[in-house]
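Just below is one structure, and these are the notes that go with it.
In our numbering, the protein residues as written are 12 to 187.
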């Protein structure tokens, strides 16, 4: 998995591209939390319990169904954000869905149960440039953890921020 720091890259880049009028700060914050939420299934690992099947890491919380359910939170929060309900739903849905899609691009771990309950197959992307992050906290703060962060900067943060800033610049160039 990419680190929780890197899962936030998608909503940050999207918010840059869309601008603060379309994505107010509270909406960005919820999007960032939604992008991290699927990894809550890794908490039991910190206490020596791995779970199994759909309840294991990269299981139920890494599904499109989970992203749809999280999207309902955006539907509910849309009024507070002063955005259309569909926009609130889509924001939280896509921020959540970005998590398993990034995880599919990692170099290891179990695949992603993206289509559960329609299929129990676990998927990987054919292109897997992101170094898989250690789940255990003590192994994360190691030389391996540094290698993962460098991989994430190069393969996720730089491309997404470049894209987000480019769209931002294009939007502002058209206004001028």
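Backbone N, C-alpha and C fix where the C-beta goes; we use that ideal spot for every residue, glycine too.
Every value quoted in this text rests on a predicted model; they were computed, and no experiment measured them.
Own chain partners of residue i with C-beta closer than 6 Å, once the 5 adjacent residues on each side are dropped
i, result
"residue 85", "99, 100, 102 and 103"
"residue 110", "18, 46 and 49"
Extent of the continuous alpha helix (DSSP H) run through residue i
i, result
"residue 102", "96 to 114"
"residue 84", "75 to 92"
"residue 65", "Taken as a continuous stretch (DSSP letters only), residue 65 belongs to no alpha helix (DSSP H), as it is neither H nor E."
"residue 34", "Careful: residue 34 lies outside any alpha helix (DSSP H) and carries neither H nor E."
"residue 15", "15 to 18"
"residue 118", "It is not in any alpha helix (DSSP H) - residue 118 carries neither H nor E in the DSSP assignment."
"residue 160", "154 to 163"
Contacting residues, own chain, Cβ-Cβ under 8 Å from residue i (five flanking each side not counted)
i, result
"residue 27", "172, 175, 176, 178 and 179"
"residue 155", "145"
Under 8 Å between C-beta atoms of residue i and residue j
i, j, result
"residue 18", "residue 47", "yes"
"residue 52", "residue 70", "yes"
"residue 162", "residue 141", "yes"
Beta-carbon separation (whole angstroms), residue i vs residue j, contact threshold 8 Å
i, j, result
"residue 118", "residue 139", "5 Å"
"residue 137", "residue 92", "Wrong, their Cβ atoms sit about 36 Å apart, outside the cutoff."
Close Cβ partners of residue i (< 7 Å) along its chain, the five nearest in sequence each way excluded
i, result
"residue 75", "108, 125 and 126"
"residue 22", "39, 42, 43, 46 and 106"
"residue 168", "17 and 20"
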